[in-house]
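Enquirer:
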Amino acid sequence: MSSCSRTRTKAPRSARSRRNGGFSSSSATIVADIDDILIQILSLLPIKTLLRFKRVSKRWLSLITNPDFSNRVIKSNHPLPISGFFLHSPRAFKYSFVSLDDEDDATNQRVSSSLPLWFTDHQTDMIIMQSTNGLLLCKCSCASSNHFNTNYYVYNPTTKQYTLLPQITGHIALSLAFDPSKSPHYKVFCLRGRSNNSVSSASDSELYHIEVYSSNEGLWRRVVPVLTSPSTFIEFTYSVFWNGAVHWYGLSSRDCLSFDISKEEIKILPLPDLDDEEPLLPDPRTLRFLDESRGNLYYIEVNDQSSSDLPVYEMERNSSSWSMKYNVDLQPLAAAFPEMITEDYTNRRIYAFSVIGFVKEETDAESYILLHIPNKAVKYNFIDKTFKKLCDFKPLVNDAPEDHFYRFQRTFQCIKSLANV
1 MSSCSRTRTK APRSARSRRN GGFSSSSATI VADIDDILIQ ILSLLPIKTL LRFKRVSKRW
61 LSLITNPDFS NRVIKSNHPL PISGFFLHSP RAFKYSFVSL DDEDDATNQR VSSSLPLWFT
121 DHQTDMIIMQ STNGLLLCKC SCASSNHFNT NYYVYNPTTK QYTLLPQITG HIALSLAFDP
181 SKSPHYKVFC LRGRSNNSVS SASDSELYHI EVYSSNEGLW RRVVPVLTSP STFIEFTYSV
241 FWNGAVHWYG LSSRDCLSFD ISKEEIKILP LPDLDDEEPL LPDPRTLRFL DESRGNLYYI
301 EVNDQSSSDL PVYEMERNSS SWSMKYNVDL QPLAAAFPEM ITEDYTNRRI YAFSVIGFVK
361 EETDAESYIL LHIPNKAVKY NFIDKTFKKL CDFKPLVNDA PEDHFYRFQR TFQCIKSLAN
421 V
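Following UniProt numbering, the numbering of the sequence shown begins with 1 at its first residue and continues without gaps.
1. Give me the Cα-Cα distance between phenylalanine 412 and serine 112, rounded to the nearest whole angstrom.
2. Going by C-alpha to C-alpha distance, which of Ser323, Glu316 and Ile373 sits closest to phenylalanine 337?
3. If you count every other CB in all the chains shown that lies within 10 Å of the CB of isoleucine 415, and 16 or more means buried, which is it?
4. Assuming lysine 416 is part of the alpha helix (DSSP H), what are its boundary residues?
5. Determine contact between the stretch 297 to 315 and the stretch 253 to 272, defined as no fewer than three beta-carbon pairs at a distance below 8 angstroms.
6. Which residue marks the beginning of the alpha helix (DSSP H) containing arginine 72, and which one marks its end?
7. Taking the beta carbon of valine 73 as the centre, do at least 16 other beta carbons fall within 10 Å, making it buried, or is it exposed?
8. Just checking my contact of isoleucine 341 with valine 355 at CB under 8 angstroms: how many whole Å lie between their CB atoms?
9. From serine 258 to tyrosine 186, what does the alpha carbon distance come to, in whole angstroms?
10. Are methionine 324 and proline 311 close, meaning C-beta to C-beta below 7 angstroms?
11. What do you reckon, are the CB atoms on tyrosine 208 and glycine 193 nearer than 7 angstroms?
12. Got a sec, what are the start and stop residues for the beta strand (DSSP E) serine 293 sits in?
13. Curious, which full-length beta strand (DSSP E) runs of at least 3 residues does the stretch 320 to 400 contain?
14. Sort Ile37, Glu292, Asp329 and Asn71 by Cα distance to serine 306 and report the nearest one.
15. Which whole-angstrom value describes the C-beta separation of phenylalanine 241 and phenylalanine 178, a residue pair presumed to lie in contact below a C-beta threshold of 8 angstroms?
16. Return the CA-CA distance between serine 252 and isoleucine 34, expressed in angstroms with no decimal places.
17. Going by DSSP, name the residue or residues bridged to histidine 88.
18. So the candidates are Ile128, Asn296, Asn133 and Arg348; which of them puts its Cα closest to the Cα of lysine 182?
19. Evaluate contact between the stretch 371 to 388 and the stretch 40 to 49, counting only Cβ atoms and requiring at least three cross-stretch pairs below 8 angstroms.
20. Can leucine 137 and methionine 129 be called in contact, C-beta distance under 7 angstroms?
21. Pull up the DSSP beta-bridge partners for glutamine 40, would you.
22. Terminal residues of the continuous beta strand (DSSP E) containing arginine 192?
23. Measure the C-alpha to C-alpha separation of valine 199 and glutamine 161 and round it to an integer number of angstroms.
24. Assuming threonine 132 is part of the beta strand (DSSP E), what are its boundary residues?
25. Assuming methionine 315 and asparagine 296 make a contact with CB atoms under 8 angstroms, what is their CB distance in whole Å?
26. In angstroms, rounded to a whole number, what distance separates the CA positions of leucine 174 and leucine 191?
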């Protein structure tokens, strides 16, 4: 026997399975034991699959929920596909959800009705204000000391994570900005009026200013004043994040108030000029829909419900003007779904529908619009003009014919994302 002694050291995890020149376990087990290789494989999987794989083990849960991993997955897959839409009825604080996942169609789970939106430790129903790249900007009113406070949250409905924003008062509008292809951090912008008793060196024309909350900073910070006369903008009810800017608009607005985030500049984004004779005050029953999909901005305006033409206007990311991109012909839809045809108070034949959302796919041939007709959601392909029923909705009790056009007043994209909030 040799007099030399050997010091035994513990072999690395990948080598422990070797015994007498062979393997005591499968190659898959060896790969699964090496974090770097496992992360590389997991990063290639769809987010829906990753959500299921979180339940495999505590180790896999730790890997998949690691911020570095989630940011890597989101950035490499941007833009993430729209997986469905939250639909808000004006009659309740609950939401319906329409899934675009074909697997849900096979299992008859395409639509979920009366879906409440609340957090486990906060039982008050939430109201969605905006959806951006997988994150939701929400609000709720909470009773405290005989008065109500409005709280604002950024919420990821995929991971169920949320963040309560610092209190802010005296604001006019909020907007969420999140572009995971550029940064894992989101920002919330606040259009705020100047307090009457505030002392400021700014000119009297500075009636508004913009503040920003950054997820990596955690505080509200004043950014720029808004010197434009408030009479230029009628409403700031809705907002959309597109092309590196937040845009505020309303159902009566002819322009959007836009804030370019990188340049920190206020701009005006005109809505399409439809060249028709409109009243000074738009008809409250006018349908207007503005939303973003895969980097392009889309706009629809319907002033005449008796027309079978539904023009869709588009503004591309690198453009500064609108163009009519598509035209939806409602007549074939009405022939297939005669419940679309109804009459208004003047006995005029009109088309009953509203817009759920635009879905721009990788090619124009695959892109479509999702329409709500009485008690149904219909998918209409822009190019080949084919359509099919996506799902049925439960009819409302005492549903008046005029309600069909406005069954869902607000819709919000649902994008499955691992983004951290």
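Note that the Cβ used here is the ideal one computed from N, Cα and C, for glycine as well. Just so you know, these numbers come straight off a predicted model, no measurement behind them.
Expert: To lay it out plainly:
1. Their Cα atoms are separated by approximately 15 angstroms.
2. When each option's Cα is compared against that of phenylalanine 337, the closest is Ile373.
3. The residue is buried, with at least 16 neighbouring Cβ atoms inside 10 Å.
4. Boundaries cannot be given for lysine 416, as no alpha helix (DSSP H) includes it and DSSP labels it neither H nor E.
5. Touching, yes, given that three or more Cβ pairs across the two stretches are closer than 8 angstroms.
6. It spans 67 to 77 - the alpha helix (DSSP H) in which arginine 72 sits, taken as one unbroken run.
7. Burial state of valine 73 is buried, judged by a 10 Å Cβ sphere holding 16 or more other Cβ atoms.
8. About 18 angstroms separates the two Cβ atoms, so there is no contact after all.
9. If you draw a straight line from the Cα of serine 258 to the Cα of tyrosine 186, it is about 17 angstroms long.
10. The beta carbons of methionine 324 and proline 311 sit closer together than 7 angstroms.
11. Yes, they are a contact pair.
12. Note, serine 293: beta strand (DSSP E), 287 to 293.
13. List check, beta strand (DSSP E) in window: 323 to 329, 341 to 343, 349 to 351, 354 to 359, 368 to 373, 376 to 381 and 387 to 392.
14. Nearest of Ile37, Glu292, Asp329 and Asn71 to serine 306, Cα basis: Asp329.
15. Confirmed, about 7 angstroms.
16. Answer to the nearest angstrom: the Cα atoms are 58 angstroms apart.
17. When beta bridges are read from the DSSP output, histidine 88 appears opposite Tyr95 and Arg410.
18. The shortest Cα separation from lysine 182 among Ile128, Asn296, Asn133 and Arg348 belongs to Asn133.
19. No: fewer than three Cβ pairs fall under 8 angstroms.
20. Closer than 7 angstroms, so yes.
21. The partner list for glutamine 40 (beta bridge, DSSP) is empty, contrary to what the question assumes.
22. Residues 187 to 193.
23. Reliability fails at valine 199, whose pLDDT of 42 lies under 50, so the model's placement of it is uncertain and the value that follows must be treated cautiously. Inter-residue distance for valine 199 and glutamine 161 is about 39 angstroms (C-alpha atoms, whole angstroms).
24. Where threonine 132 is concerned, the enclosing beta strand (DSSP E) starts and stops at 127 to 132.
25. Confirmed, about 7 angstroms.
26. Distance between the alpha carbons of leucine 174 and leucine 191 is about 6 angstroms.
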